[in-house]
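**Student:** Quick one: the structure is below, questions incoming.
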Amino acid sequence: MTGVHSNHSAAYEVLAQGFIEAIESYDRGEINSRGLVLLAQQISTPEVVDQMGDELLSHAFWAMRHLVHRPACWAPTPAEVRYLLRCLRGEEVFSLEVAESFRQ
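If you want my numbering, it's the position in the sequence shown, counting the first as 1, plus 22.
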């Protein structure tokens, strides 16, 4: 069981680090929202993210993919994406309610 857990942890770290790097590139203005969508698609797939069963990874993945739809009211805001970045870095504890509050 330990091997499975460590594989899951390693996969989580790889995805989280990929998401962090992609969001940081977006935050620095190196890529636009469309570039962030493309990076998200290169980093992972919906199936892989769903298999992880992690709410933060899932929310970050879909936020990166849907940011391009701004200004639609359901699309994540840049502030929400920055919040997700802080959560992925371990600077804040992820809360779906907090993440969604950026859209109101």
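Just so it is clear, CB atoms sit at the ideal spot from N, CA and C, and this is done for glycine as well.
(1) Taking the straight line between their C-alpha atoms, what separation do you get for I42 and L61?
(2) Run the CB neighbour count on P98, radius 10 Å, all protein chains shown included, and call it buried at 16 or more, exposed below.
(3) Between C109 and I53, what straight-line distance do the alpha-carbon atoms span, to the nearest angstrom?
(4) Go ahead and pull the three-state DSSP assignment for S80.
(5) Where do the ends of the alpha helix (DSSP H) carrying C109 lie?
(6) Can you grab the Cα-Cα spacing for the pair V90 / E102, in whole Å?
(7) Identify, in the order they occur along the chain, each residue of the same chain with its Cβ nearer than 8 Å to the Cβ of S55, setting aside the five sequence neighbours on each side.
**Tutor:** Let me lay it out:
(1) 11 Å
(2) Buried is the call here.
(3) Using only the alpha carbons, I get a separation of about 21 Å.
(4) Shown here, S80 sits in a helix according to DSSP, grouped into three states.
(5) P100 to R111
(6) 13 Å
(7) Y48, L89, V90 and R92
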